[in-house]
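Below: one structure, written as structure tokens.
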Amino acid sequence: MSDDEVRMRLERHFDGLDRNRSGYMEWEDWRLYVNRVTGRFPRAGADRNDHLSLHARRAWEWIRDQADADGDGRVSREEFVAAFGRLSDGDTAARLWSTLIDPASHAVWAVVDQDGDGRIDEREFADYLELVVDLSDMDVAAAFRRGDQDGDGYLNRAEWRGLMRDYYMASAGEDTSTTGPT
Ligand SMILES: [Ca+2]
Ligand SMILES: [Ca+2]
Ligand SMILES: [Ca+2]
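Under this note's numbering, the first residue of the sequence shown carries the number 123, and numbering increases by one thereafter.
Structure representation (structure tokens):
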């Protein structure tokens with residue numbers, strides 16, 4: 123992936139995460155994210171919601187520590203791109219995945235899987251994506267089919283994990299497009 127592609131992906135992530143459209147990432151953006159997810163999936167229960175909130179807090183603090191170069195307590199678009207554009211180094215990307223994104227994506231999973239049967243159907247998947255990405259430039263059904271590796275019509279935890287890995291790690295500079303979920 124070229125530097126320009128990495129930058130474009132990072133800018134898209136940033137814009138998706140800047141929920142209140144202030145031009146900066148702050149805790150408020152993450153709080154809004156948690157509220158939207160738990161509001162859309164109300165059956166998850168307090169424990170799973172608290173778990174998601176904890177992971178969001180952790181993710182925010184980690185990003186702030188990595189990226190807030192001028193120390194004003196918030197992360198600008200430029201700071202975000204400058205900090206995470208460096209992640210094309212595979213070791214750093216692997217650490218980002220294992221310490222932050224993987225555990226956080228499990229917390230999200232637990233909330234989205236409303237009946238707790240260990241699988242997510244296409245409706246739940248679409249409902250979640252609608253909260254986090256601009257669906258106008260995305261084919262949800264195709265993404266679901268790509269994720270549903272065993273073709274049973276549901277995403278199990280490993281399949282979900284594979285999708286998250288492809289989505290986030292590709293932007294961190296690691297090409298995972300040919301690897302399936304582990
Ligand atoms: Ca913001
Ligand atoms: Ca800053
Ligand atoms: Ca499946």
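C-beta atoms are modelled at their ideal positions from N, C-alpha and C, and glycine is treated no differently.
Across the structure, residue 136 and residue 274 are spaced so that their CA atoms are roughly 33 Å apart. Residue 247 holds the alpha-carbon nearest to the alpha-carbon of residue 264 among 279, 247, 254. For residue 151 and residue 175, the gap between their C-alpha atoms comes out near 12 Å.
By the criterion of a C-beta distance shorter than 6 Å, residue 173 is surrounded in its chain by 229, once the five residues flanking it on both sides are discounted. Within the same chain, and ignoring the five residues on either side of residue 262 in sequence, the residues whose Cβ sits closer than 8 Å to its Cβ are 244, 247, 248, 251. Chain-ordered, the residues whose CB falls short of 6 Å from any heavy atom of ligand 2 come out as 190, 192, 194, 196, 197, 198, 201.
With a beta-carbon spacing of about 13 Å, residue 159 and residue 255 fall beyond the 8 Å limit used to define contacts.
DSSP, reduced to helix, strand and coil, places residue 241 within a strand of the structure shown. The DSSP-derived three-state label of residue 234 is helix. Distance from the C-beta of residue 259 to the nearest heavy atom of ligand 1 is not below 7 Å.
No residue range can be given for residue 221, since it is assigned to no alpha helix (DSSP H) and is classified by DSSP as neither H nor E. Under the three-state reduction of DSSP, residue 286 is assigned to helix. Between the beta-carbon of residue 240 and that of residue 283 there is about 13 Å, and that puts the pair past the 8 Å contact cut.
Straight across, the Cα-Cα distance linking residue 260 with residue 183 is about 29 Å. DSSP places residue 157 inside the alpha helix (DSSP H), whose first and last residues are 149–162. Of the candidates 289, 287, 231, 231 places its Cα closest to the Cα of residue 276. Counting of Cβ neighbours within 10 angstroms places residue 166 among the buried residues, the total reaching 16 or more. 8 Å or more divides the Cβ of residue 191 from the Cβ of residue 181.
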